[in-house]
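Scroll down for the structure; my scribbles are underneath it.
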Amino acid sequence: MLPIILSIITVAISVCYAENMNNRQSADPCAGVIGPGLPTSPYNFTLSAVNRTSPVANFTGEPLVLAPFIANSNESVVEASPAVLATFKSFSDYVFPGPSMSLEDGGLYPISNKTSTTASSQNVTEGGELNFIVTFPIGPPLQAREIYCLQPSLDSSASGSGVAPPYPLLAVYGDVGNFSLCTATSAEATNNVIYKPVANSSTYYYDTCYPVFLQVLYNTG
């Protein structure tokens, strides 16, 4: 019986691996961006959220960090913990990797200063958070979903708003213009980055959302 079970598991893993490889080979994370997009960044960088509704934008923006994705306050961090992008102001006690990160072949990898954690970007769906997985203890990080790209800075007409950050922008699925900051419904009430927010979400309050660009600040020092 055990050999049969192991064979089934092996086949399932092989199928999933083949599907992942096909997705990675067929999808261009920079398809749709304006200008020469970069699926791999020449430098490590941090991210900040720039308010698109402000007539006078603060181009420093709100610094972003990884925060635990805890929809239920009874959940706890285990060997592999889901995380999302949130503002540092709403989650200043962060302990996850970052805020610096690298972009490799469309996958985001927050950089850890500790010897106990790694992190990588995961799937993003419309109406959902920008998801990551944090793993303990340290080891090769889980393969990131290769869905991100860096787009050169935009002028106001190309950005679709009167506010255009002077720095590169982060795109997901080639899209830089559909991110928002929304307040989570969890007890922590973090301000999380949401892709194409929807009115019926159970993880954030839709009426708190406002549109942002995700600005890329290179670490070149």
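Under mature numbering (1 follows the signal peptide of the UniProt record, and there is no 0), the letters of the sequence shown match residues -18 to -1, 1 to 203, in that order. All C-beta atoms, glycine included, are put in the ideal place defined by N, C-alpha and C. This structure is a prediction, so every number in the text was calculated from the model and none was measured.
Contact annotation, residue 79 with residue 94: C-beta distance approximately 4 Å; criterion of less than 8 Å satisfied. With fewer than 16 other Cβ atoms inside 10 Å of its own Cβ, residue 125 counts as exposed. One thing to note: residue 32 has its Cβ within 7 Å of the Cβ of residue 195.
Cβ atoms of residue 109 and residue 50 stay farther apart than 8 Å, at about 20 Å. Assigned with DSSP and collapsed to three states, residue 70 falls in helix. In this structure residue 21 is in contact with residue 11, their Cβ atoms being roughly 5 Å apart against a cut-off of 8 Å.
The C-beta separation of residue 155 from residue 129 comes to about 6 Å, placing the pair in contact by the 8 Å criterion. In this structure, the beta-carbon distance from residue 171 to residue 186 does not fall below 7 Å. In this structure, DSSP gives residue 172 a state outside helix and strand, which the three-state scheme calls coil. Its chain contains 131, 133, 153 and 156 as the residues whose beta carbon lies nearer than 6 Å to that of residue 15, once the 5 sequence neighbours on both sides are disregarded; these appear in chain order. Distance check between residue 107 and each of 84, 41, 75 and 183 places 183 closest, using alpha-carbon atoms only. The beta carbons of residue 174 and residue 47 sit no closer together than 7 Å. For residue 113, the enclosing beta strand (DSSP E) covers residues 113 to 117. Looking only at 24, 101, 23 and 36, the smallest Cα-Cα distance to residue 193 is reached by 36. For residue 180, DSSP records no beta bridge to any residue. At the C-beta level, residue 135 and residue 119 stay beyond 7 Å of one another. Counting only the Cα atoms, residue 88 lies some 22 Å from residue 163.
Residue 74 counts as exposed, since fewer than 16 other beta carbons sit within 10 angstroms of its beta carbon. Taken through DSSP and simplified to helix, strand or coil, residue 158 comes out as coil.
Inclusion of residue 27 and residue 198 in the CB contact set at 7 Å is warranted, their separation being smaller than that value. By the C-beta density criterion, residue 100 is buried, having at least 16 other C-beta atoms within 10 angstroms.
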